[in-house]
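Take 9 as the starting number for the sequence shown in the working numbering and just add one per residue. Ideal placement from N, C-alpha and C gives every residue a C-beta, glycine not left out. Here is the structure we will look at.
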Amino acid sequence: MSKGIKMRSARDRHGRSYTVEELQQLTDGGGTAPDLFCDDPACGCDVRFVPRYQQNRANRIEPVDVPAYIGLTRGSEHAAGCRYDASGRLKIIAAQSDPEFLNALGDGKRELRLLALHNGLRKHGLSGNAPTVNGSAPAASATKMATEVIASDKRLDSYLRTTADLLVLRAMCESDALLAAELVLRLGPKRLPWKQFFFEHDRFDEAWELVAKSGNNPYPVALVGSVRSFHQPPAGAKYKSSFLNCRPLYRKSDDPLRMESFEVSIAHPDASWLGSFPPDAEIVMFGLWKASGPVENTAPDKRDRSRTITYVAHKLTLTPTFKKQIVLIT
9 MSKGIKMRSA
19 RDRHGRSYTV
29 EELQQLTDGG
39 GTAPDLFCDD
49 PACGCDVRFV
59 PRYQQNRANR
69 IEPVDVPAYI
79 GLTRGSEHAA
89 GCRYDASGRL
99 KIIAAQSDPE
109 FLNALGDGKR
119 ELRLLALHNG
129 LRKHGLSGNA
139 PTVNGSAPAA
149 SATKMATEVI
159 ASDKRLDSYL
169 RTTADLLVLR
179 AMCESDALLA
189 AELVLRLGPK
199 RLPWKQFFFE
209 HDRFDEAWEL
219 VAKSGNNPYP
229 VALVGSVRSF
239 HQPPAGAKYK
249 SSFLNCRPLY
259 RKSDDPLRME
269 SFEVSIAHPD
279 ASWLGSFPPD
289 AEIVMFGLWK
299 ASGPVENTAP
309 DKRDRSRTIT
319 YVAHKLTLTP
329 TFKKQIVLIT
(Lines of atoms letter the chains of each structure in order from A; the text may use other names.)
(Lines give C-alpha, C1' and ligand atoms only; values in the text may rest on other atoms or scores of the structure.)
Protein backbone atom coordinates (compact mmCIF):
# COMPACT_ATOMS: atom_id res chain seq x y z
CA MET A 9 0.00 0.00 0.00
CA SER A 10 2.86 2.36 0.72
CA LYS A 11 4.26 2.33 -2.83
CA GLY A 12 1.50 4.36 -4.47
CA ILE A 13 1.09 8.05 -5.23
CA LYS A 14 -1.34 9.89 -2.97
CA MET A 15 -4.43 10.65 -5.03
CA ARG A 16 -6.70 13.69 -4.82
CA SER A 17 -9.77 12.00 -6.31
CA ALA A 18 -11.26 8.58 -7.11
CA ARG A 19 -14.54 7.15 -8.44
CA ASP A 20 -17.10 4.72 -7.03
CA ARG A 21 -18.71 1.67 -8.70
CA HIS A 22 -21.19 3.91 -10.51
CA GLY A 23 -18.52 6.17 -11.93
CA ARG A 24 -19.19 9.07 -9.59
CA SER A 25 -16.07 11.06 -8.77
CA TYR A 26 -15.10 11.96 -5.20
CA THR A 27 -12.40 14.36 -4.08
CA VAL A 28 -10.43 13.96 -0.86
CA GLU A 29 -12.28 16.95 0.59
CA GLU A 30 -15.69 15.44 -0.21
CA LEU A 31 -14.72 12.11 1.34
CA GLN A 32 -13.43 13.84 4.46
CA GLN A 33 -16.71 15.74 4.81
CA LEU A 34 -18.60 12.45 4.43
CA THR A 35 -16.47 10.85 7.14
CA ASP A 36 -16.78 13.87 9.45
CA GLY A 37 -20.56 13.60 9.14
CA GLY A 38 -20.53 10.01 10.32
CA GLY A 39 -20.74 8.45 6.87
CA THR A 40 -18.57 5.73 5.31
CA ALA A 41 -16.56 6.13 2.12
CA PRO A 42 -17.83 3.94 -0.74
CA ASP A 43 -15.74 1.34 -2.52
CA LEU A 44 -13.29 3.37 -4.56
CA PHE A 45 -11.34 2.86 -7.76
CA CYS A 46 -8.55 4.74 -9.52
CA ASP A 47 -10.09 7.39 -11.78
CA ASP A 48 -7.40 7.16 -14.47
CA PRO A 49 -9.09 5.70 -17.60
CA ALA A 50 -6.08 3.43 -18.14
CA CYS A 51 -6.33 1.90 -14.69
CA GLY A 52 -9.34 1.46 -12.37
CA CYS A 53 -7.53 -0.51 -9.63
CA ASP A 54 -8.86 -0.70 -6.06
CA VAL A 55 -7.99 2.28 -3.86
CA ARG A 56 -8.97 3.41 -0.37
CA PHE A 57 -9.69 6.68 1.43
CA VAL A 58 -7.52 7.45 4.47
CA PRO A 59 -9.19 10.17 6.60
CA ARG A 60 -6.99 12.70 8.35
CA TYR A 61 -5.77 11.39 11.66
CA GLN A 62 -3.22 11.92 14.40
CA GLN A 63 -0.24 9.60 14.76
CA ASN A 64 1.88 9.13 17.86
CA ARG A 65 5.64 9.38 17.42
CA ALA A 66 8.32 8.18 19.81
CA ASN A 67 10.04 11.58 19.92
CA ARG A 68 6.87 13.68 20.25
CA ILE A 69 4.93 14.74 23.33
CA GLU A 70 1.85 15.45 21.20
CA PRO A 71 0.63 13.41 18.19
CA VAL A 72 1.39 14.45 14.60
CA ASP A 73 -1.40 15.44 12.19
CA VAL A 74 -1.57 13.31 9.03
CA PRO A 75 -3.62 14.86 6.16
CA ALA A 76 -6.31 12.83 4.37
CA TYR A 77 -5.50 11.14 1.06
CA ILE A 78 -6.53 8.35 -1.31
CA GLY A 79 -4.10 5.44 -1.74
CA LEU A 80 -3.80 1.86 -2.89
CA THR A 81 -5.52 -0.97 -1.05
CA ARG A 82 -3.40 -3.92 0.07
CA GLY A 83 -2.30 -6.01 -2.91
CA SER A 84 -3.54 -3.46 -5.47
CA GLU A 85 -1.26 -1.88 -8.07
CA HIS A 86 -1.76 0.87 -10.62
CA ALA A 87 -1.69 -0.23 -14.27
CA ALA A 88 1.28 0.60 -16.46
CA GLY A 89 0.76 4.04 -17.94
CA CYS A 90 -1.52 5.21 -15.12
CA ARG A 91 -0.68 8.73 -13.98
CA TYR A 92 -0.52 7.42 -10.39
CA ASP A 93 1.99 4.67 -11.24
CA ALA A 94 5.01 5.78 -9.18
CA SER A 95 7.32 3.10 -10.59
CA GLY A 96 6.43 4.15 -14.14
CA ARG A 97 7.17 7.78 -13.33
CA LEU A 98 10.53 6.82 -11.90
CA LYS A 99 11.42 5.00 -15.12
CA ILE A 100 10.48 8.08 -17.18
CA ILE A 101 12.62 10.34 -14.98
CA ALA A 102 15.56 7.93 -15.30
CA ALA A 103 15.23 7.75 -19.09
CA GLN A 104 15.42 11.56 -19.34
CA SER A 105 18.34 11.97 -16.92
CA ASP A 106 22.11 12.06 -17.19
CA PRO A 107 23.20 8.43 -16.61
CA GLU A 108 26.31 9.68 -14.80
CA PHE A 109 24.05 11.31 -12.19
CA LEU A 110 21.19 8.81 -12.02
CA ASN A 111 23.25 5.70 -12.53
CA ALA A 112 21.89 2.24 -13.40
CA LEU A 113 23.13 -0.58 -11.15
CA GLY A 114 23.57 -4.22 -12.04
CA ASP A 115 20.72 -5.44 -9.83
CA GLY A 116 18.13 -3.33 -11.65
CA LYS A 117 18.23 -0.50 -9.13
CA ARG A 118 19.52 3.00 -9.72
CA GLU A 119 21.62 5.34 -7.61
CA LEU A 120 21.46 9.11 -7.33
CA ARG A 121 24.97 10.55 -7.03
CA LEU A 122 24.40 13.46 -4.66
CA LEU A 123 28.08 14.43 -4.49
CA ALA A 124 27.88 15.84 -8.04
CA LEU A 125 24.89 17.96 -7.02
CA HIS A 126 26.59 19.01 -3.79
CA ASN A 127 29.79 20.09 -5.57
CA GLY A 128 27.88 21.99 -8.24
CA LEU A 129 25.78 23.92 -5.74
CA ARG A 130 28.81 24.76 -3.60
CA LYS A 131 30.84 25.93 -6.59
CA HIS A 132 28.11 28.25 -7.82
CA GLY A 133 27.24 29.39 -4.33
CA LEU A 134 30.83 30.38 -3.61
CA SER A 135 31.97 31.78 -6.92
CA GLY A 136 28.89 32.51 -9.01
CA ASN A 137 28.24 31.44 -12.58
CA ALA A 138 30.78 33.49 -14.51
CA PRO A 139 34.19 31.97 -15.37
CA THR A 140 37.27 33.84 -14.11
CA VAL A 141 40.15 33.95 -16.58
CA ASN A 142 43.62 35.40 -16.02
CA GLY A 143 44.02 38.37 -18.34
CA SER A 144 47.44 37.18 -19.46
CA ALA A 145 46.22 33.71 -20.45
CA PRO A 146 46.14 32.89 -24.17
CA ALA A 147 42.81 33.37 -25.93
CA ALA A 148 42.61 29.63 -26.68
CA SER A 149 42.90 28.81 -22.96
CA ALA A 150 40.22 31.34 -22.09
CA THR A 151 37.89 29.89 -24.73
CA LYS A 152 38.50 26.34 -23.48
CA MET A 153 37.81 27.38 -19.88
CA ALA A 154 34.59 29.15 -20.86
CA THR A 155 33.48 26.08 -22.85
CA GLU A 156 34.16 23.81 -19.87
CA VAL A 157 32.16 26.10 -17.56
CA ILE A 158 29.20 26.11 -19.95
CA ALA A 159 29.31 22.31 -20.17
CA SER A 160 29.49 22.10 -16.38
CA ASP A 161 26.49 24.44 -16.08
CA LYS A 162 24.48 22.26 -18.47
CA ARG A 163 25.27 19.16 -16.41
CA LEU A 164 24.28 20.91 -13.19
CA ASP A 165 21.05 22.10 -14.79
CA SER A 166 20.30 18.48 -15.68
CA TYR A 167 21.11 17.36 -12.11
CA LEU A 168 18.76 20.01 -10.69
CA ARG A 169 15.93 18.99 -12.99
CA THR A 170 16.33 15.30 -12.17
CA THR A 171 16.51 15.96 -8.44
CA ALA A 172 13.42 18.17 -8.56
CA ASP A 173 11.46 15.52 -10.49
CA LEU A 174 12.45 12.78 -8.03
CA LEU A 175 11.60 14.89 -4.99
CA VAL A 176 8.17 15.83 -6.34
CA LEU A 177 7.54 12.12 -6.95
CA ARG A 178 8.61 11.33 -3.37
CA ALA A 179 6.37 14.08 -2.00
CA MET A 180 3.41 12.61 -3.88
CA CYS A 181 3.99 9.09 -2.55
CA GLU A 182 2.54 7.69 0.67
CA SER A 183 6.03 6.93 2.00
CA ASP A 184 9.61 6.40 0.82
CA ALA A 185 9.03 2.65 0.32
CA LEU A 186 9.09 2.75 -3.49
CA LEU A 187 12.10 5.00 -3.90
CA ALA A 188 14.00 3.28 -1.09
CA ALA A 189 13.46 -0.06 -2.87
CA GLU A 190 14.43 1.16 -6.35
CA LEU A 191 16.73 4.17 -5.87
CA VAL A 192 19.90 4.29 -3.77
CA LEU A 193 21.15 7.66 -2.52
CA ARG A 194 24.94 7.90 -2.64
CA LEU A 195 27.18 10.68 -1.32
CA GLY A 196 30.65 9.70 -2.48
CA PRO A 197 31.37 6.27 -0.92
CA LYS A 198 28.51 6.60 1.59
CA ARG A 199 24.92 5.46 1.15
CA LEU A 200 22.22 7.68 2.65
CA PRO A 201 18.79 6.51 3.78
CA TRP A 202 15.93 8.57 2.38
CA LYS A 203 15.05 9.71 5.90
CA GLN A 204 18.38 11.58 6.05
CA PHE A 205 17.72 13.35 2.75
CA PHE A 206 13.98 14.06 2.54
CA PHE A 207 12.05 15.70 5.39
CA GLU A 208 8.32 16.38 5.58
CA HIS A 209 6.75 19.02 7.82
CA ASP A 210 6.54 16.78 10.88
CA ARG A 211 10.32 16.19 10.70
CA PHE A 212 11.52 19.80 10.37
CA ASP A 213 13.14 19.37 13.79
CA GLU A 214 15.18 16.41 12.56
CA ALA A 215 16.27 18.39 9.49
CA TRP A 216 17.39 21.27 11.72
CA GLU A 217 19.34 18.91 13.97
CA LEU A 218 21.07 17.30 10.96
CA VAL A 219 22.12 20.63 9.43
CA ALA A 220 23.14 22.20 12.75
CA LYS A 221 25.15 19.16 13.82
CA SER A 222 27.02 19.11 10.52
CA GLY A 223 28.05 22.77 10.70
CA ASN A 224 25.59 23.84 7.99
CA ASN A 225 25.65 22.54 4.40
CA PRO A 226 26.32 18.87 5.19
CA TYR A 227 25.01 17.89 1.73
CA PRO A 228 21.92 18.84 -0.31
CA VAL A 229 18.84 18.25 1.87
CA ALA A 230 15.21 18.37 0.74
CA LEU A 231 12.22 19.62 2.73
CA VAL A 232 8.55 19.69 1.77
CA GLY A 233 6.26 22.23 3.39
CA SER A 234 3.33 24.56 2.81
CA VAL A 235 3.61 28.31 2.29
CA ARG A 236 2.55 30.45 5.24
CA SER A 237 3.66 33.99 4.37
CA PHE A 238 5.78 36.19 2.12
CA HIS A 239 7.92 39.09 3.32
CA GLN A 240 9.47 41.76 1.11
CA PRO A 241 12.05 44.22 2.48
CA PRO A 242 10.60 47.69 3.06
CA ALA A 243 11.97 50.71 1.22
CA GLY A 244 15.37 51.70 2.59
CA ALA A 245 16.07 48.35 4.22
CA LYS A 246 19.73 47.28 4.29
CA TYR A 247 18.92 43.71 3.36
CA LYS A 248 17.80 42.97 -0.21
CA SER A 249 16.36 39.48 0.00
CA SER A 250 12.67 38.69 0.26
CA PHE A 251 11.55 35.71 2.32
CA LEU A 252 9.03 32.94 1.67
CA ASN A 253 8.11 31.36 5.00
CA CYS A 254 6.63 27.90 5.46
CA ARG A 255 4.31 26.79 8.24
CA PRO A 256 6.59 26.01 11.18
CA LEU A 257 6.63 22.85 13.24
CA TYR A 258 5.72 23.42 16.87
CA ARG A 259 7.06 20.85 19.29
CA LYS A 260 5.98 20.64 22.90
CA SER A 261 8.34 19.38 25.58
CA ASP A 262 7.59 17.69 28.89
CA ASP A 263 7.78 21.21 30.39
CA PRO A 264 4.35 22.85 29.84
CA LEU A 265 5.97 26.29 30.08
CA ARG A 266 8.33 25.67 27.16
CA MET A 267 7.46 25.59 23.44
CA GLU A 268 9.88 24.93 20.58
CA SER A 269 9.35 26.05 16.99
CA PHE A 270 11.19 24.96 13.85
CA GLU A 271 10.88 27.59 11.12
CA VAL A 272 11.74 27.13 7.44
CA SER A 273 12.35 30.08 5.08
CA ILE A 274 13.60 30.71 1.55
CA ALA A 275 15.62 33.88 0.93
CA HIS A 276 16.01 35.33 -2.56
CA PRO A 277 16.39 38.83 -4.10
CA ASP A 278 13.67 38.15 -6.72
CA ALA A 279 10.56 39.21 -4.81
CA SER A 280 8.23 38.62 -7.77
CA TRP A 281 9.32 35.01 -8.06
CA LEU A 282 9.01 34.23 -4.35
CA GLY A 283 5.69 36.06 -4.16
CA SER A 284 4.28 33.91 -6.98
CA PHE A 285 3.92 30.93 -4.62
CA PRO A 286 0.40 31.27 -3.15
CA PRO A 287 -0.43 30.76 0.54
CA ASP A 288 -0.98 27.10 1.49
CA ALA A 289 0.81 25.91 -1.66
CA GLU A 290 2.85 22.76 -1.07
CA ILE A 291 6.45 23.10 -2.22
CA VAL A 292 9.63 21.04 -2.30
CA MET A 293 12.85 22.89 -1.41
CA PHE A 294 16.31 21.39 -1.77
CA GLY A 295 19.88 22.58 -1.49
CA LEU A 296 22.49 23.60 1.06
CA TRP A 297 20.68 24.90 4.14
CA LYS A 298 21.85 27.05 7.03
CA ALA A 299 20.68 26.45 10.59
CA SER A 300 20.44 29.15 13.26
CA GLY A 301 19.30 29.14 16.88
CA PRO A 302 18.04 28.04 19.23
CA VAL A 303 16.95 31.50 20.35
CA GLU A 304 14.89 31.81 23.54
CA ASN A 305 12.28 34.46 24.31
CA THR A 306 9.79 34.67 27.16
CA ALA A 307 6.27 36.08 27.15
CA PRO A 308 3.17 35.89 29.36
CA ASP A 309 0.81 33.01 28.61
CA LYS A 310 -2.12 34.49 26.65
CA ARG A 311 -4.56 32.22 28.50
CA ASP A 312 -3.06 32.73 31.95
CA ARG A 313 -1.15 35.99 32.42
CA SER A 314 0.30 34.76 35.69
CA ARG A 315 2.41 32.21 33.82
CA THR A 316 5.42 32.87 31.60
CA ILE A 317 6.08 30.77 28.50
CA THR A 318 9.58 30.26 27.09
CA TYR A 319 9.57 30.10 23.29
CA VAL A 320 12.59 28.47 21.65
CA ALA A 321 13.04 29.25 17.93
CA HIS A 322 15.11 27.14 15.54
CA LYS A 323 15.49 28.34 11.95
CA LEU A 324 16.44 26.73 8.67
CA THR A 325 17.12 29.05 5.73
CA LEU A 326 17.72 28.16 2.10
CA THR A 327 19.22 30.76 -0.25
CA PRO A 328 18.81 29.02 -3.61
CA THR A 329 21.31 29.72 -6.35
CA PHE A 330 18.88 28.31 -8.92
CA LYS A 331 15.11 28.66 -9.07
CA LYS A 332 14.83 24.96 -9.91
CA GLN A 333 15.60 24.30 -6.24
CA ILE A 334 12.04 25.31 -5.33
CA VAL A 335 9.26 23.28 -6.93
CA LEU A 336 5.48 23.69 -6.62
CA ILE A 337 3.66 20.39 -6.09
CA THR A 338 0.51 20.31 -8.23
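Residue 57 and residue 28 have their C-alpha atoms roughly 8 Å apart.
Boundaries of the beta strand (DSSP E) harbouring residue 62: 61 to 63, taken from the DSSP string.
Contact check for residue 121 against residue 194 passes: the beta carbons are separated by less than 8 Å. DSSP, reduced to helix, strand and coil, places residue 83 outside both helices and strands of the structure shown, so it counts as coil. Residue pairing for residue 322: DSSP places it in a beta bridge opposite 270. Sequence-distant Cβ neighbours of residue 125 in its own chain, meaning closer than 7 Å and more than five residues away, are 167, 171 and 228.
Taking a C-beta distance under 8 Å as the contact criterion, residue 316 and residue 306 qualify as a contact pair.
For residue 106, the closest alpha carbon among the candidates 83, 169 and 90 is that of 169. Nearest Cα to residue 250 within the set 303, 327 and 198: 327. Where residue 99 is concerned, the enclosing alpha helix (DSSP H) starts and stops at 94 to 103.
In the structure shown, residue 304 adopts extended strand secondary structure according to DSSP, grouped into three states. In this structure, residue 98 lies away from residue 200, with their beta-carbon atoms at least 8 Å apart.
Note that the C-beta distance between residue 207 and residue 217 is not below 8 Å. Residues of the same chain with a CB within less than 7 Å of the CB of residue 34, apart from the 5 flanking positions on each side, are 41 in chain order. The residues 299, in chain order, have a CB closer than 6 Å to that of residue 220 in the same chain once the five nearest residues on each side in sequence are set aside. Taken through DSSP and simplified to helix, strand or coil, residue 54 comes out as strand.
Distance from residue 233 to residue 272 at the Cβ level is roughly 6 Å; contact confirmed, criterion being Cβ atoms closer than 8 Å. Where residue 230 is concerned, the enclosing beta strand (DSSP E) starts and stops at 229 to 239. Considering only 324, 285 and 313, the residue with the shortest C-alpha distance to residue 294 is 324. Note on geometry: alpha-carbon atoms of residue 189 and residue 117 lie some 8 Å from one another. Residue 237 and residue 113 have their C-alpha atoms spaced approximately 43 Å apart.
In terms of Cβ geometry, residue 282 and residue 318 do not form a close pair [threshold 8 Å].
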